[in-house]
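**Q** Sharing a structure with you now.
Residue numbers (the working numbering), protein chains in the order written: chain A, -5 to 366; chain B, -5 to 366.
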């Protein structure tokens, strides 16, 4: 696992093919640099530069003559992102390296709703044109590329055990892609460019973060996620045993510890918000949302006869309890027939897709490997 | 619509066949009285007696020689319910009316988890035995009976228009029964006593009430529901237009006003909980939960090829926005193929089922009509 919180001068010289995925809560960025012997990796230390945060993952994937950089920042801090692009990428690569700018025509591939929302801002501040790439197109091409190209991209996560899944490129389709951003999209993927958004839910990462912010003093998604590690959802959720006097409702397969009603306990507690621990609230919220997404995903997979469900999006962030809950939900509702799978580049599917939308011939040689 | 906030002496004399449905949040009670020329009605004025609240509905259904009484109270106030049974029903009917007690053997039919949880309490305080009736059995027999017997029991509710649905007794099955209590049960009903609980969700009435209690100063479910009438969910929810700069994401059929992420707006607002209006929070919460239930219900109906979905349970309470949201969700996800239907006795399905579990021969003549 490499640490790389700073872009080196020589990397910046050749920064190119900048692609953005500007979602409701997070902006994700991918770009390529030549002139580096480094591997294609996702920066790994979670450190930040100008407010841009690298990801906590340990992906390494060799490219011949360059590397891909992955960053994210809150969409609300988009001006910091623009400053970063302006001062670190456009200026240096354009001016100091004799014209090798992000793109010769000052075009930036961009997907997500923010590609529309911030068109004028990018034009005004950077003189750049956001070349819009459809959000679903991007998610699918990003996921397909990663699943086909990156070794050990997909894995299952059950009771704390991570197991990589071998993907047979010839037997990848069909599958259900569940992208958990602020909201959730569920896409039936039948081929390289053949897909349909079949469902979704508004109860997603934005709900976790938004409700979490209202209910606790947490300032960030990661803080909330971290808090949830120590929490006990039984303090907040009404369990079957709470209703049945400690007993299971075994006739219908519900144990006493199953959640009957998320956040149901405050109904009869004579407590106020400040009497509950933030940890417990965060845990309950995470479980409610993860379980619900797992259930709806499974019901959709069942409807379309899809055996494989891949979960991506920045909601997950490799968080053990999130993945465990989604896995348990899929296992429970499918009676063991289906398995949840996760993606190591979970949050960057859309940004990768936007990156790949640069015309194939225009992509650096190294990145072209990704398209083979 | 009759008002009847007090039980008359002559009604109490012949109170019999008391049945309870003791849920996680609410206790529902049904019993029969002879010696009254009144019709079988659900008390209509929402007034309370000893903490027991009658329902806000206008059901009238004629029985020959008596009437059924419907009450509910919060489960946490069960001691008030026991006092009511003790002082108003058992004592008067038992003592003042020469032995015509609730039940000669002091047996009370009871369903819901509380039938287990409060067994000892009823024995200790009333000397009564709770004769447990399975929760799903009760819901189904209650719903079947009401749908077959009560004129204008089922209705659709679309954009504020209530339309009663004619139920052909011979063509009732199969259907999906969605009971929204603290949690939600989804039951595929194939016949009088033939059914299977196929799904459910922990995001139900207890979630609305519990989260609502934590997020607002509301003291009761009804207060929260009332608040939601005046609220604007767009202040709290992240809409497609918020992400897409006011535009629709028309390619996948999402308008700019569609909710992308429930409670997603606080993510980027620099506001705290107290800066949001309780009305808006209540509205957003109601919509999130109603929409989610409608979606999961539809997905299950689809899985089992069920055309009809009946929604019951005390979460609904005849609330226009709740019914509208559920209707819209079912319509949206089914692309107009399925319709949500509601039940006038929504909250009393389980209690009715428990009532009907008194042996047929033991039921008063009038109530026997219900079983034909």
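Glycine included, C-beta positions come from ideal geometry on N, C-alpha and C.
For clarity, every value in this text was computed on a predicted model and none was experimentally measured.
At a Cβ threshold of 7 Å, is residue 315 of chain A touching chain B?
**A** Not an interface residue.
**Q** When you compare the CB positions of residue 241 of chain B and residue 110 of chain A, do they come within less than 7 Å of one another, or not?
**A** Against a cut-off of 7 Å, the Cβ pair of residue 110 of chain A and residue 241 of chain B comes out as a contact.
**Q** Sort B:66, B:62, B:10, B:11 by Cα distance to residue 18 of chain B and report the nearest one.
**A** Per the Cα distances, B:66.
**Q** Using a Cβ-Cβ distance under 7 Å, would residue 343 of chain B count as near chain A?
**A** Closer than 7 Å: no.
**Q** Determine the chain A residues that contact residue 123 of chain B at a beta-carbon separation under 9 Å, and present them in chain order.
**A** Neighbours of residue 123 of chain B on chain A: none; closest Cβ ~15 Å, over 9 Å.
**Q** Between the C-alpha atoms of residue 9 of chain A and residue 221 of chain A, what's the straight-line distance to the nearest angstrom?
**A** Taking the straight line joining both Cα atoms gives about 37 Å.
**Q** In chain A, which residues lie less than 9 Å from residue 226 of chain B when you measure between Cβ atoms?
**A** Under the 9 Å cutoff, chain A gives no residues; its nearest Cβ is about 16 Å from residue 226 of chain B.
**Q** Tell me the DSSP secondary structure of residue 347 of chain B in three-state form.
**A** It is helical.
**Q** Hey, how far is the Cα of residue 100 of chain B from the Cα of residue 121 of chain B?
**A** Spanning the two alpha carbons is a distance of roughly 7 Å.
**Q** Find out if the Cβ-Cβ distance for the pair residue 151 of chain A, residue 346 of chain A is shorter than 7 Å.
**A** No; because the gap between Cβ atoms is not below 7 Å, this pair is not in contact.
**Q** For the pair the region 271 to 283 of chain B and the region 188 to 195 of chain A, tell me if three or more CB-CB distances fall below 8 Å.
**A** Short answer: they don't touch.
**Q** Give every residue of the same chain whose Cβ lies closer than 8 Å to the Cβ of residue 76 of chain A, excluding the five residues on either side of it in the sequence, and list them in chain order.
**A** Taken in chain order, the residues that qualify are 115, 116, 119, 120.
**Q** Please say whether residue 344 of chain A and residue 106 of chain A have beta carbons closer to each other than 7 Å?
**A** Cβ distance < 7 Å, so residue 106 of chain A and residue 344 of chain A count as in contact.
**Q** Establish whether the CB of residue 73 of chain B and some CB of chain C are separated by less than 7 Å.
**A** Going by chain labels, chain C is absent from the structure shown, which instead holds the protein chains A and B.
**Q** Please confirm whether residue 257 of chain B and residue 230 of chain B have their CB atoms less than 7 Å apart.
**A** Yes.
**Q** Chain A partners of residue 297 of chain B, CB-CB under 8 Å?
**A** Correct list: 293, 296, 297.
**Q** Let me see if you follow: with CB-CB separation under 7 Å, is residue 111 of chain B close to chain A or not?
**A** Judged by the 7 Å Cβ criterion, residue 111 of chain B is in contact with chain A.
**Q** Using a beta-carbon distance below 7 Å, is residue 241 of chain A in contact with chain B?
**A** Output row for residue 241 of chain A: interface = yes.
**Q** My guess is that residue 176 of chain B and residue 198 of chain B are in contact by the Cβ rule of under 8 Å, so how many angstroms apart are they, rounded?
**A** Right, the Cβ-Cβ distance comes to about 6 Å (below 8 Å), so this counts as a contact.
**Q** Which bits of chain A does residue 69 of chain B rub up against, with CB to CB less than 8 Å?
**A** Neighbours of residue 69 of chain B on chain A, chain order: 262.
**Q** State the beta-bridge partners of residue 266 of chain B as determined by DSSP.
**A** Bridge partners of residue 266 of chain B: none, in fact.
**Q** Can you confirm whether residue 191 of chain B, when its beta carbon is compared against all beta carbons of chain A, has any partner nearer than 7 Å?
**A** At least one chain A Cβ lies under 7 Å of residue 191 of chain B.
**Q** Which stretch, first to last residue, makes up the alpha helix (DSSP H) that contains residue 117 of chain B?
**A** Note, residue 117 of chain B: alpha helix (DSSP H), 113 to 120.
**Q** Hey, does residue 185 of chain A have any beta-carbon neighbour from chain B nearer than 7 Å?
**A** Cβ-Cβ to chain B under 7 Å: no for residue 185 of chain A.
**Q** If you pair each beta-carbon of the region 298 to 314 of chain B with each one of the region 250 to 269 of chain B, do three or more pairs fall below 8 Å?
**A** Result no; under three Cβ-Cβ pairs closer than 8 Å.
**Q** Are three or more beta carbon pairs between the region 328 to 343 of chain A and the region 127 to 140 of chain A nearer than 8 Å?
**A** The region 328 to 343 of chain A is in contact with the region 127 to 140 of chain A.
**Q** Could you tell me the distance, in whole angstroms, from the CA atom of residue 144 of chain B to the CA atom of residue 188 of chain B?
**A** Cα to Cα, the separation comes out at about 21 Å.
**Q** List, in chain order, every chain B residue whose beta-carbon is nearer than 9 Å to that of residue 102 of chain A.
**A** What residue 102 of chain A touches in chain B: nothing, since even the nearest Cβ is about 16 Å away.
**Q** Does residue 254 of chain A have its Cβ less than 7 Å from a Cβ in chain B?
**A** Answer yes: the Cβ-Cβ gap between residue 254 of chain A and chain B drops below 7 Å somewhere.
**Q** Tell me, please, whether the CB atom of residue 197 of chain A is closer than 7 Å to any CB atom in chain B?
**A** Yes, residue 197 of chain A lies at the interface with chain B (some Cβ there is under 7 Å from its Cβ).
**Q** Determine which residues share a DSSP beta bridge with residue 182 of chain A and list them.
**A** BP columns for residue 182 of chain A point to A:170, A:190.
**Q** Going along chain A, which residues have a C-beta under 8 Å from residue 201 of chain B?
**A** Neighbours of residue 201 of chain B on chain A, chain order: 255, 256, 257, 258, 282.
**Q** Here's a check: name, in chain order, each residue in its chain whose Cβ is nearer than 7 Å to the Cβ of residue 248 of chain A, leaving out the five neighbours to either side.
**A** Excluding positions up to five away in sequence, the list reads 234, 242.
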